[in-house]
Amino acid sequence: MIRLVATDVDGTLTDGGIYMDGEGREMKRFDVKDGTGIALLREASVEIAFISGRASVPTDRRARDLGVTRVVNGTADKLADLMAMASEMGLDASEVAFIGDDVQDVECMKWAGLGIAVKDASPEALSAADWVSPSDGGHGALRDTAMHIIRLNGGSG
């Protein structure tokens, strides 16, 4: 049973684009369908975490808006952070899913009991995945993942 879904942010929860104004303020586009996926996972008693290699104010804000309290924003070692989080929660790898889109996510995808790639992920992430979302990153891939995990956990997703 999957009890924790951890996801990369840029390229999974977003389309990978980063918008900056002339003052250097950053904006990102998030899909509301993924917010619904987070709510569905929470209703199914599955914890959600954001683990991003790039520190970003919009990532923290989106996490707050969605009630995601497990956030690692700007890490140099995603796998160590994922393993520490699972350990803190008393979970082993088989109870963890990780969603990624590129080479820096492959270690986490391989360690987790369920490695997931978004449809438009890099070839390395796609080949490391146990399951591939039918949607691109930033376009409902987390919602697809939520339904898949709810079904795997025995729910009616």
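Using this note's numbering, read the sequence shown as starting at 25 and increasing by one per residue. Glycine included, C-beta positions come from ideal geometry on N, C-alpha and C. Quick caveat: nothing in here was measured; it's all calculated off a predicted structure.
Kindly indicate which three-state DSSP category Arg78 falls into: helix, strand or coil? coil
Short of 7 Å in beta carbon distance, which residues of its chain neighbour Thr60, apart from the five on each side in sequence? Order them along the chain. Take Thr60, set aside five residues on each side of it, and the residues of its chain with a beta-carbon closer than 7 Å to its own are Arg167, in chain order.
Mind reading off the beta-carbon distance from Ala149 to Asp126? Whole number of angstroms is fine, and I expect it under 8 Å. Their Cβ separation, rounded to whole angstroms, is 6 Å, which keeps Ala149 and Asp126 in contact under 8 Å.
Going by the DSSP bridge assignment, what does Glu71 pair with across the sheet? Leu28
For Val29 and Val120, the rounded distance between their alpha carbons: Rounded to whole angstroms, the separation of the alpha carbons of Val29 and Val120 is 6 Å.
In the structure shown, what three-state DSSP assignment does Asp124 receive? In the sequence under discussion, the amino acid at residue 124 is Gly, which differs from the Asp named in the question. If DSSP states are grouped into helix, strand and coil, Gly124 belongs with the strands.
Could you give the distance in angstroms between the alpha-carbon of Tyr43 and the alpha-carbon of Thr83? 13 Å
Here's a check: name, in chain order, each residue in its chain whose Cβ is nearer than 6 Å to the Cβ of Ser76, leaving out the five neighbours to either side. Val33, Thr83 and Asn97
How many Å lie between Glu50 and Arg78 at the Cα? 12 Å
Go ahead and label Gly91 buried or exposed: buried means 16 or more other beta carbons lie within 10 angstroms of its beta carbon, across all protein chains shown. exposed
In the DSSP assignment, the alpha helix (DSSP H) including Val130 goes from what residue to what residue? Val130 to Trp135
Does Thr93 pass the burial test, meaning 16 or more other C-beta atoms within 10 Å, or should it be called exposed? Under this definition Thr93 is an exposed residue.
Where does the unbroken alpha helix (DSSP H) through Leu37 begin, and where does it stop? First-last for Leu37: undefined, no H or E at that position.
For Ser80, which option in Gly164, His163 and Arg53 has the closest C-alpha, if you only look at C-alpha atoms? Arg53
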